[in-house]
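Residue numbers (the numbering used here): 185 to 775. Even glycine gets a Cβ: it sits at the ideal position worked out from N, Cα and C. See below for the structure under consideration.
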Amino acid sequence: MSSSINLEQSWIMAIQDIIGLTKDGQSEKINTLESKSQPNTTFATLINSLDKIVILTDIDGFIVEASQKAISLSQYPLEELKGESIQKLYCSLHNKQFFKSTWTQIQSANKSKTELWYQNKHEQIIPVAQTSIRLASTEDSLGYIVHTIEDLSTNIASQSKMQKLAMCDHLTSLPNRLNIIQKLRDEVAHLSVSNKKCAVVFIDLDGFKKINDVYDHLTGDHLMLAGVKRLQSVISNIFLGRLGGDEFIMIYPFDDLKALSSLLDDILAAFIDPFSVQSHELFLGINIGVSIAPDNSSDPEVLINQADMALHAIKTGEKRVQFYTADFLHCMQRQLKIEHCLKQAIETEELKVYFQPKYNLANYDIVGIEALLRWHHHELGVVSPDEFIKIAENAGLIVNIGRYVLKKCAALINKLQVEKKVCVPIAINISGHHFSQSNIFQDVKAVLSLYQISPQFLEIEVTENVVMMDYDIVIDQLTHLKALGVKISIDDFGTGQSSLERLSKLPIDSLKIDRSFILNLSEQPQTQAIIKAVLSLSDALGLNSIAEGIETQSQEQFLRLNNCNLGQGFLFAKPICEEEIIALLNNLSSG
Numbered sequence: 185m186s187s188s189i190n191l192e193q194s195w196i197m198a199i200q201d202i203i204g205l206t207k208d209g210q211s212e213k214i215n216t217l218e219s220k221s222q223p224n225t226t227f228a229t230l231i232n233s234l235d236k237i238v239i240l241t242d243i244d245g246f247i248v249e250a251s252q253k254a255i256s257l258s259q260y261p262l263e264e265l266k267g268e269s270i271q272k273l274y275c276s277l278h279n280k281q282f283f284k285s286t287w288t289q290i291q292s293a294n295k296s297k298t299e300l301w302y303q304n305k306h307e308q309i310i311p312v313a314q315t316s317i318r319l320a321s322t323e324d325s326l327g328y329i330v331h332t333i334e335d336l337s338t339n340i341a342s343q344s345k346m347q348k349l350a351m352c353d354h355l356t357s358l359p360n361r362l363n364i365i366q367k368l369r370d371e372v373a374h375l376s377v378s379n380k381k382c383a384v385v386f387i388d389l390d391g392f393k394k395i396n397d398v399y400d401h402l403t404g405d406h407l408m409l410a411g412v413k414r415l416q417s418v419i420s421n422i423f424l425g426r427l428g429g430d431e432f433i434m435i436y437p438f439d440d441l442k443a444l445s446s447l448l449d450d451i452l453a454a455f456i457d458p459f460s461v462q463s464h465e466l467f468l469g470i471n472i473g474v475s476i477a478p479d480n481s482s483d484p485e486v487l488i489n490q491a492d493m494a495l496h497a498i499k500t501g502e503k504r505v506q507f508y509t510a511d512f513l514h515c516m517q518r519q520l521k522i523e524h525c526l527k528q529a530i531e532t533e534e535l536k537v538y539f540q541p542k543y544n545l546a547n548y549d550i551v552g553i554e555a556l557l558r559w560h561h562h563e564l565g566v567v568s569p570d571e572f573i574k575i576a577e578n579a580g581l582i583v584n585i586g587r588y589v590l591k592k593c594a595a596l597i598n599k600l601q602v603e604k605k606v607c608v609p610i611a612i613n614i615s616g617h618h619f620s621q622s623n624i625f626q627d628v629k630a631v632l633s634l635y636q637i638s639p640q641f642l643e644i645e646v647t648e649n650v651v652m653m654d655y656d657i658v659i660d661q662l663t664h665l666k667a668l669g670v671k672i673s674i675d676d677f678g679t680g681q682s683s684l685e686r687l688s689k690l691p692i693d694s695l696k697i698d699r700s701f702i703l704n705l706s707e708q709p710q711t712q713a714i715i716k717a718v719l720s721l722s723d724a725l726g727l728n729s730i731a732e733g734i735e736t737q738s739q740e741q742f743l744r745l746n747n748c749n750l751g752q753g754f755l756f757a758k759p760i761c762e763e764e765i766i767a768l769l770n771n772l773s774s775g
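Written out as structure tokens, the structure is:
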């Protein structure tokens, strides 16, 4: 942007308001500029005539102009400031979330004031009060924001406040990383005297990225505060700090492992119910990794890293708490290797799509197919989907994988239609990340158009937990898919946190009973009761019921006698490659 930004008359009034020029002869300078203002009067001319620290940014926070006083404070030459985000001047103690929330406040208010720390080019930290006001937009711009900065270095009260800020998280007021490390160091040093152990509990609250993307960061902030409040209601006076983002550390000295386990169970239970935030009902997922001092280490940084490793070892659908063991280092190395190889596997089509038929349990006709992904790597060997799908989600690769499977299935449907062979719906399991990071409706619509296939032969499977965690996002896209003619199924039903009221509103065709229930069918009588209840619910809602993982005749007989419509599993057929599924369907056609 040009440094010769012409001054609008309203801008001069706004600047006069923000600087509060009623003394020191400054108002006289403004009035002089007002009276002599010409079309080429510039912002630089104005601010450099004032004895003030002033910075002009565009609406997104990128610096356009700075006064000589601002240059002196920052120690950056003007050319090194222009075009940079004003965040360049914020102290590194302020995390990205601080900048986002501060800037959201600045953008949404006509005038705002924030106390924070600046950090100059020589890394000197300076407490400041930053007052910001929006200037009206013009034909050439969406508007600017002018900031006046007051140096608080000599203000003792401000220094005390800034010292507190250095040790506390801006949004939640919880102890920050520096404070956490110091507290953990003190607790570990005291263990030899107390004869206790100390649990470092790494808590990850999952779901904020989706909330921020779909709603806004202000909603995310309110949800964060509600989550912290709920955590504190469970742990009472136990130390809790925020590492940053959605990551928290609880430090818990203990001498009874049962007490620790009970506390962790209480924390998990507290996040079953949704949060009511700004008229939205929102869920937060929670995962917990735990390391123990002095068993695992006595170094605070190492203990936190170990708890983080334990956290990342948790697999989707399994228990939500994991304690660190020495094996995790090897696991982390393997995960990094898988992530690296997975990127290449997508590009080289090393991932193979297999197909498992679904059978009508009344007459054993093939009525559908489920697409399943398989990966055999020349170094890693066979990598299970349970392992690589979670890694793909964390690495941001899952949307590309979902699109890859969509195209492979659409190509098969097209081939069957062109050759006038028997064609049945192919079901594809879609990750929750595909709903939040992309638009599955648009992706499916594009594939239908590209391969010229009928939507009735495509079925989207989404897990129960994905629906409940991201209800508003998912139901919107599923509704559009249903209107398009695509079939919808809820996968792994019975393992999540479904609200029956919400379930009844979903635009779905089928419920799939999770394989874990089928596996325990003969051993646990209560499992039989659960399956009967799910089948009754499915029938009452007018939905197809599908049982997956059928391996024995006794399982199949129980399901058939209780009116389960469809089934799949090794009893009928294992997942087979494309050539084999085509041959199987050809046999049906010839028969």
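Distance CB(residue i)-CB(residue j) smaller than 8 Å
i, j, result
"Phe246", "Glu264", "no"
"Ile456", "Met434", "no"
"Glu554", "Lys536", "no"
"Leu368", "Leu447", "no"
"Ser481", "Ala491", "no"
"Phe641", "Ile674", "no"
"Gln392", "Gly404", "Note on residue identity: the sequence assigns Phe, not Gln, to residue 392. Cβ atoms of Phe392 and Gly404: closer than 8 Å."
"Lys605", "Leu768", "no"
"Gly616", "Val650", "yes"
"Ala595", "Tyr635", "yes"
"Leu257", "Gln303", "no"
"Ala383", "Phe438", "yes"
"Lys305", "Tyr260", "yes"
"Trp301", "Leu277", "yes"
"Glu735", "Gln752", "no"
"Gln281", "Leu402", "no"
"Ile657", "Ser700", "no"
In DSSP terms, what residue i is bridged to
i, result
"Pro437", "Cys382"
"His331", "Ile239, Ser316"
"Ala250", "Ile239"
"Gln165", "No statement about residue 165 is possible, as the shown extent of the chain runs from 185 to 775 and does not include it."
"Thr298", "Gln314"
"Lys696", "Ile730"
"Tyr274", "Tyr302"
Cβ neighbours of residue i in the same chain (closer than 8 Å, five flanking residues each side left out)
i, result
"Ile470", "Ile387, Asp388, Leu389, Asp390, Ile451, Leu452, Phe455, Arg504"
"Gly209", "For Gly209, the pLDDT reaches just 45, beneath the cut-off of 50, and the residue's location in the model is therefore unreliable, although a value from the coordinates is still provided. Excluding positions up to five away in sequence, the list is empty."
"Ser417", "Ala454"
"Asn623", "Gln661"
"Asn746", "Ile715, Lys716, Leu719"
Unbroken alpha helix (DSSP H) run spanning residue i, endpoints
i, result
"Thr356", "Element bounds for Thr356: n/a, residue is neither H nor E."
"Pro709", "709 to 724"
"Ile659", "655 to 668"
"Ile573", "569 to 578"
"Glu263", "262 to 265"
"Asp511", "511 to 531"
"His496", "484 to 496"
"His617", "616 to 621"
"Phe625", "624 to 635"
Integer-rounded CB distance, given that residue j should sit under 8 Å from residue i
i, j, result
"Ile333", "Ile317", "The Cβ separation is near 13 Å, so there is no contact."
"Tyr399", "His464", "7 Å"
"Leu750", "Asn544", "6 Å"
"Leu695", "Val718", "7 Å"
"Ile472", "Leu495", "7 Å"
"Phe459", "Ala410", "5 Å"
"Glu643", "Lys671", "4 Å"
"Gly552", "Val631", "About 18 Å separates the two Cβ atoms, so there is no contact after all."
Neighbourhood of residue i by C-beta, 6 Å cutoff - its chain only, sequence neighbours within 5 removed
i, result
"Asp353", "Asn360, Arg426"
"Gly501", "With a pLDDT of 49 at Gly501, under the threshold of 50, the predicted position of this residue should be treated as unreliable, though the coordinate-derived value follows. Result list for Gly501: empty, nothing under 6 Å."
"Met516", "Met493"
Residue i: first and last residue of the uninterrupted beta strand (DSSP E) it sits in
i, result
"Arg426", "423 to 428"
"Val505", "505 to 507"
"Leu750", "750 to 752"
"Gly586", "Run containing Gly586: none in the beta strand (DSSP E); it sits in the alpha helix (DSSP H), 582 to 602."
"Ala611", "610 to 613"
"Gly473", "469 to 477"
"Phe756", "It is not in any beta strand (DSSP E) - Phe756 carries neither H nor E in the DSSP assignment."
"His401", "Element bounds for His401: not the beta strand (DSSP E) but the alpha helix (DSSP H), 401 to 419."
"Asp675", "671 to 677"
Other residues of its chain near residue i: CB distance less than 7 Å, five sequence neighbours each side excluded
i, result
"Gln252", "Asn232"
"Thr298", "Thr286, Gln314"
"Lys629", "Leu668"
beta-carbon residue i near the ligand GDP non-hydrogen atom, thresh 7 Å
i, result
"Gln752", "The ligand GDP is not part of the structure shown, which contains no ligands of any sort."
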